[in-house]
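Here is the structure we will look at.
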Amino acid sequence: RHITLLMIGLDNAGKTSTTKHLLRESPEDVVPTVGFSSVQLERTRFRVTLYDLGGGARIRSIWSNYYALAHGVVVVVDASAVDRAEECRQAVSEVLGDPRISGKPVLVLLNKQDIENVVDEIEMCSLLDLENIVNQFKCPTRVETSCAIRFKNRKRKKDPGIDKGFQWILDHISRNFQDLQSRVEADTELQRLREAKEQEERLKRVQKAREDRAKAANTGQRTSVEEDDRNGNKMTDLNYDHEQAGARDSDFTQRSAEEVEKTEARIDTPDGAVIINVHPAQREESSNSSKTRSSSAILYNKGYELADFVSEPSKTHLTQVDT
Numbered sequence: 001r002h003i004t005l006l007m008i009g010l011d012n013a014g015k016t017s018t019t020k021h022l023l024r025e026s027p028e029d030v031v032p033t034v035g036f037s038s039v040q041l042e043r044t045r046f047r048v049t050l051y052d053l054g055g056g057a058r059i060r061s062i063w064s065n066y067y068a069l070a071h072g073v074v075v076v077v078d079a080s081a082v083d084r085a086e087e088c089r090q091a092v093s094e095v096l097g098d099p100r101i102s103g104k105p106v107l108v109l110l111n112k113q114d115i116e117n118v119v120d121e122i123e124m125c126s127l128l129d130l131e132n133i134v135n136q137f138k139c140p141t142r143v144e145t146s147c148a149i150r151f152k153n154r155k156r157k158k159d160p161g162i163d164k165g166f167q168w169i170l171d172h173i174s175r176n177f178q179d180l181q182s183r184v185e186a187d188t189e190l191q192r193l194r195e196a197k198e199q200e201e202r203l204k205r206v207q208k209a210r211e212d213r214a215k216a217a218n219t220g221q222r223t224s225v226e227e228d229d230r231n232g233n234k235m236t237d238l239n240y241d242h243e244q245a246g247a248r249d250s251d252f253t254q255r256s257a258e259e260v261e262k263t264e265a266r267i268d269t270p271d272g273a274v275i276i277n278v279h280p281a282q283r284e285e286s287s288n289s290s291k292t293r294s295s296s297a298i299l300y301n302k303g304y305e306l307a308d309f310v311s312e313p314s315k316t317h318l319t320q321v322d323t
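Read in full-length UniProt numbering, the sequence shown has 197 at position 197, and its numbers run on one by one without any break.
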């Protein structure tokens with residue numbers, strides 16, 4: 001027959017040391033259990049799986065994942081930690097109050113009896129309110145004092161409290177195996193169905209999240225394309241404006257071509273004056289023109305900045321080109 005036992009208790013209570021004692025291994029250099037560990041024990045009539053569950057405040061939430069599997073529970077208590085008795089009481093009450101544990105056998109080991117000034121069995125049971133709790137949830141219970149480590153200068157292979165208590169819980173399970181096994185099978189199946197449903201719901205949430213991200217990405221791409229189209233239309237308008245301006249400039253250049261053939265402008269005087277060379281055909285016209293005549297067209301067609309240069313007489317020199 002296969003039996004599953006849970007070993008629970010607060011951190012530093014001695015759960016792992018107790019497990020090593022059952023395995024007949026040295027309990028020295030034990031480190032705190034993070035999560036859980038499981039061991040296999042062979043007894044005359046049973047193959048026992050023992051789950052050593054971590055007792056830290058942040059890890060106790062995983063205990064409930066193993067309730068359905070359990071035929072019984074081993075509670076390890078640090079009998080020297082009176083200041084944590086209330087915390088231990090609350091943890092034990094919560095475990096035994098779960099429907100998957102209520103009614104199952106419980107072994108309580110009051111550990112660390114090697115420490116001086118440890119409280120006795122009766123006082124510790126009173127601090128834990130153990131009698132009321134186990135009666136409330138109808139859990140057959142046995143209490144044993146224990147010391148999971150070797151005493152100094154003494155070689156001990158067995159602790160009578162641990163061994164007697166462990167044998168008691170196995171015997172109780174053996175006598176009530178059919179009822180306990182039926183509960184384990186029913187609770188395990190319910191847990192399997194619940195976990196399958198939770199897994200399905202998680203997958204649906206993940207799938208929906210992926211679809212939402214894909215939809216958001218597609219929306220962003222469409223928005224980007226629309227913006228590009230709008231920007232493209234703006235660029236088309238700008239190109240059209242440049243084409244119109246170019247046409248006007250071309251027309252202006254064509255109209256000024258005859259003047260360019262007749263005249264030439266350049267800026268080459270130290271004072272920045274505009275020098276205009278006038279061909280003979282324009283002498284009479286130039287002499288009759290105002291000295292403030294605009295030379296913008298000529299300068300523009302030579303590649304200078306388009307501007308109206310209205311020069312003062314002191315900065316305008318008119319010269320004639322002899323032919």
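Ideal placement from N, C-alpha and C gives every residue a C-beta, glycine not left out.
Identified DSSP bridge partners for residue i
{"i": "residue 4", "result": "49"}
{"i": "residue 103", "result": "According to DSSP, residue 103 bridges with nothing at all."}
{"i": "residue 324", "result": "Residue 324 lies beyond the stretch modelled for the chain, which goes from 1 to 323, so this question has no answer here."}
{"i": "residue 142", "result": "107"}
{"i": "residue 74", "result": "7, 107"}
{"i": "residue 36", "result": "53"}
Counted within 10 angstroms of its Cβ, other Cβ atoms place residue i as buried (16 or more) or exposed
{"i": "residue 122", "result": "exposed"}
{"i": "residue 324", "result": "What is shown of the chain runs 1 to 323, which leaves residue 324 out entirely."}
{"i": "residue 20", "result": "buried"}
{"i": "residue 148", "result": "buried"}
{"i": "residue 144", "result": "buried"}
{"i": "residue 78", "result": "buried"}
{"i": "residue 23", "result": "exposed"}
{"i": "residue 141", "result": "buried"}
{"i": "residue 193", "result": "exposed"}
{"i": "residue 332", "result": "Here the chain has residues from 1 to 323 only, and residue 332 is not among them."}
{"i": "residue 100", "result": "buried"}
{"i": "residue 212", "result": "exposed"}
{"i": "residue 171", "result": "exposed"}
{"i": "residue 269", "result": "The pLDDT assigned to residue 269 is 47, lower than 50, so where the model puts this residue is not dependable; a value taken from the coordinates is nonetheless given after this. Counting Cβ neighbours within 10 Å, residue 269 comes out exposed, since fewer than 16 surround it."}
{"i": "residue 70", "result": "buried"}
{"i": "residue 10", "result": "buried"}
Beta-carbon proximity of residue i to residue j, cut-off 8 Å
{"i": "residue 96", "j": "residue 48", "result": "no"}
{"i": "residue 13", "j": "residue 111", "result": "yes"}
{"i": "residue 146", "j": "residue 169", "result": "no"}
{"i": "residue 138", "j": "residue 102", "result": "yes"}
{"i": "residue 56", "j": "residue 107", "result": "no"}
{"i": "residue 61", "j": "residue 115", "result": "no"}
{"i": "residue 41", "j": "residue 104", "result": "no"}
{"i": "residue 109", "j": "residue 18", "result": "yes"}
{"i": "residue 74", "j": "residue 128", "result": "no"}
{"i": "residue 119", "j": "residue 76", "result": "no"}
Any chain B beta carbon closer than 8 Å to residue i
{"i": "residue 141", "result": "The structure shown has no chain B; it contains just one protein chain."}
Exercise for the section: Evaluate the contact criterion for the segment 3–10 versus the segment 60–80: three or more CB pairs, one atom per stretch, below 8 Å. Expected result: The segment 3–10 is in contact with the segment 60–80.
Exercise for the section: Within the segment 85–140, note down every full beta strand (DSSP E) run reaching 3 residues or more, in order along the chain. Expected result: List check, beta strand (DSSP E) in window: 106–111.
Handout entry: the segment 173–180 contacting the segment 188–205, beta-carbon criterion three pairs below 8 Å
Key = The segment 173–180 vs the segment 188–205: no contact.
Problem - Inter-stretch contact (C-beta, 8 Å, three-pair minimum) for the segment 186–200 and the segment 85–96 - result: No, they do not touch.
Problem - 3 or more residues per run - each beta strand (DSSP E) lying fully within the segment 185–225 - result: Annotation note: the segment 185–225 contains no uninterrupted beta strand (DSSP E) run of length 3 or greater.
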